[in-house]
Amino acid sequence: MNAFFDKANDESRWQAVETRDNRADGQFVFAVKTTGICCRPSCRARHPLRKNVLFFDNVAAAVGAGFRPCKRCQPDKQTAEQQRIARITQACRILESRSEPMVLAELAALVAMSPFHFHRLFKQVTGLTPHTWQKALRAKRLREQLAQGEPVTRAVFDAGYQSGSNYYQQADKVLGMTAKQYRQGGERTVIQFVVGSCRLGECLVAQSERGICAILLGNDGQTLVNELESLFPHSALVAGDELFSQRVARVVSVLEHPNQPFSLPLDIQGTAFQQLVWQALREIPVGQTASYRDIAQRIGKPQAVRAVAGACAANKLAVIIPCHRVVRNDGAISGYRWGVERKRQLLEIEAEQQEE
Ligand SMILES: [Zn+2]
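For the sequence shown, the UniProt record's numbering assigns the number 1 to the initial residue and increments by one for each residue that follows.
Laid out in structure tokens, this is it:
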């Protein structure tokens, strides 16, 4: 992942400006002392002299320092790309909220796009066609229902498989074994992973065939690989291929910008109680925090404060399941699987981004 530019480094930032690298848009803005204007890295306007340039992490910081947003590149507006990604994210949330599969035309209409463009963009953003994505979603639901102890017939039906004589076969195909065998724990999956670095240190991103299943943070890659092994002792771990490495870039971008939508499919593995807690964590807005007691209350188990803390500590998807937004009852930052300092840093990043 060395291909990512180092956004904390001014020389690297300046290089992005000089090459008008639009991948750097949204990561910082540059301001020109002589004109009082701030721009996106990719702005088409003529370049200022290096000595007149200041860098800011975001447009709010530049405006706070007295600069005006450029009228040409409009760093204060969402880019067309961000708007498109937001629509795909919206489509994913719609799919997750429905129990029945949806046809392309219907889904595209709900986010006001033509089926053709929607299909192309969906694939570009998630790496899957809407059809395959829905298949993965049904498979995930089926596994969750089975893990929660639902009777097989009911689990298959609730996961959205069409009823009919062949629905068991459909489910078996998805699971790679019969639902009954799956229940007995005969699973052996392949997990791809990549280790890279980001603003928060080293990060490991892992993906099963169902979606992103682990995002781990640390100071050292080998320790992260060991951690992954202990989390998925029954899986075959393999180095990520080219396509996966590209998707990791998107994950890293969200690690550094938690207010961006995250639309890759997730493979969230945990007990029913953990899933309940993690779902509640995902409902804490960016830039806000909640206490362990708040979460216990929100999931209707006010006595389970300690168990909530345990579920937070068992989170395998750093940032995406924002366990860093849970603080002690007195508001103090404590206990983070990936280090208290990193938790503090994440909360700071989010507070900054809320100002944007
Ligand atoms: Zn500009």
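Ideal Cβ positions, reconstructed from N, Cα and C, are used throughout, including at glycine. Bear in mind the structure is a predicted one, so any value in this text is a computation, not a measurement.
Val53 and Phe30 look like a contact to me (Cβ under 8 Å); what is the Cβ gap, rounded to whole Å?
-> For the purposes of this step, residue 53 is identified with residue 53 of the sequence shown, where counting begins at 1. For the purposes of this step, residue 30 is identified with residue 30 of the sequence shown, where counting begins at 1. Rounded, the Cβ-Cβ distance is 5 Å, consistent with contact.
Closest by C-alpha distance to Ala239, when choosing among Leu264, Val252, Ser208 and Asp220 | Taking the sequence shown and counting its residues from 1, the one referred to as residue 239 is at position 239. When Leu264, Val252, Ser208 and Asp220 are compared, the shortest CA-CA separation from Ala239 is found for Ser208.
Rounded separation between Thr35 and Pro302 - CA only = Start at 1 with the first residue of the sequence shown, and residue 35 comes out as number 35. Start at 1 with the first residue of the sequence shown, and residue 302 comes out as number 302. If you draw a straight line from the Cα of Thr35 to the Cα of Pro302, it is about 56 Å long.
Residue of Gly201, Leu217 and Val225 minimising C-alpha distance to Gln192 = Reading the sequence shown from its first residue, position 192 is the one you call residue 192. It is Val225.
Does the separation of the CB atoms of Leu228 and Ala318 fall below 9 Å?
-> Residue numbering aside, residue 228 sits at position 228 when the sequence shown is read from its first letter. Residue numbering aside, residue 318 sits at position 318 when the sequence shown is read from its first letter. Result no, Cβ atoms of Leu228 and Ala318 do not sit closer than 9 Å.
Would you say Ser263 and Val125 are within 9 Å of each other, going by their C-beta atoms?
-> Walking along the sequence shown from the start, residue 263 turns up at place 263. Walking along the sequence shown from the start, residue 125 turns up at place 125. The criterion of a C-beta distance shorter than 9 Å is satisfied by Ser263 and Val125.
Going by beta carbon distance, what residues of the same chain come within less than 6 Å of Leu346, once the five residues before and after it are set aside?
-> Here residue 346 refers to the residue found at position 346 when the sequence shown is read from its first residue. Counting only Cβ-Cβ distances below 6 Å, and skipping sequence neighbours, we find His324.
Going by DSSP, what residues sit across from Ala202 in a beta bridge?
-> Residue mapping note: residue 202 aligns to position 202 of the sequence shown, counting from 1. Rather than Ala, the amino acid found at residue 202 in this sequence is Glu. Within the DSSP bridge table, the entry for Glu202 names Ser197 and Gly218 as partners.
Straight-line Cα distance separating Pro265 from Leu137 | Taking the sequence shown and counting its residues from 1, one reaches residue 137 at position 137. Taking the sequence shown and counting its residues from 1, one reaches residue 265 at position 265. CA-to-CA, the gap between Leu137 and Pro265 works out to about 8 Å.
On the three-state DSSP scale, how would you describe Ser165?
-> Locating residue 165 in the sequence shown gives position 165, where the first residue counts as 1. Its pLDDT being 49, under 50, Ser165 is placed unreliably by the model, and the measurement read from it follows with that caveat. Correct three-state label for Ser165: coil.
Can you grab the Cα-Cα spacing for the pair Ser165 / Ala272, in whole Å?
-> Position 165 of the sequence shown, counted from the start, is the residue given in the question as residue 165. Position 272 of the sequence shown, counted from the start, is the residue given in the question as residue 272. Interpretation of Ser165 is limited by its pLDDT of 49, a score under 50 that renders its predicted location unreliable; no figure is taken from the coordinates.
Neighbourhood of Ser114 by C-beta, 8 Å cutoff - its chain only, sequence neighbours within 5 removed | Walking along the sequence shown from the start, residue 114 turns up at place 114. Ala108, listed in sequence order.
Cα separation between Leu276 and Ala313?
-> Taking the first residue of the sequence shown as position 1, residue 276 is located at position 276. Taking the first residue of the sequence shown as position 1, residue 313 is located at position 313. If you draw a straight line from the Cα of Leu276 to the Cα of Ala313, it comes to about 14 Å.
To the nearest angstrom, how far is it from the Cα of Arg40 to the Cα of Phe56?
-> To locate residue 40, count along the sequence shown from 1; it is residue 40. To locate residue 56, count along the sequence shown from 1; it is residue 56. Straight-line Cα distance between these residues: approximately 10 Å.
In whole angstroms, what is the alpha-carbon distance linking Gln27 and Gln260?
-> For the purposes of this step, residue 27 is taken as residue 27 along the sequence shown, with counting starting at 1. For the purposes of this step, residue 260 is taken as residue 260 along the sequence shown, with counting starting at 1. Spanning the two alpha carbons is a distance of roughly 11 Å.
Nearest CA to the CA of Arg93: which residue from Glu81, Gln74, Gln78 and Gln134?
-> Within the sequence shown, residue 93 is the residue found at index 93, counting from 1. Taking only the C-alpha atoms, the option nearest Arg93 is Gln134.
Going by beta carbon distance, what residues of the same chain come within less than 8 Å of Leu104, once the five residues before and after it are set aside?
-> To locate residue 104, count along the sequence shown from 1; it is residue 104. Taken in chain order, the residues that qualify are Pro115, Phe118, His119, Pro130 and His131.
Could you tell me if the beta carbon of Pro75 falls within a distance shorter than 8 Å of some heavy atom in ligand 1?
-> The residue labelled residue 75 in the question sits at position 75 within the sequence shown. Yes; taking the cut-off as 8 Å, the Cβ of Pro75 has a heavy atom of ligand 1 nearer than that.
Per DSSP, which residues does Pro69 bridge with? Please list them.
-> Along the sequence shown, one-based indexing puts residue 69 at 69. Here Pro69 is bridged, per DSSP, to Cys38.
Measuring CA to CA, which of Asn219, Glu348, Val251 and Cys70 is closest to Gly201?
-> For the purposes of this step, residue 201 is taken as residue 201 along the sequence shown, with counting starting at 1. In terms of CA proximity to Gly201, Asn219 leads the group Asn219, Glu348, Val251 and Cys70.
Would you mind working out which of Leu121, Ser99 and Val195 sits nearest Ala155, comparing C-alpha positions?
-> In the sequence shown, residue 155 corresponds to position 155, counting from 1. Closest in alpha carbon position to Ala155, among Leu121, Ser99 and Val195, is Ser99.
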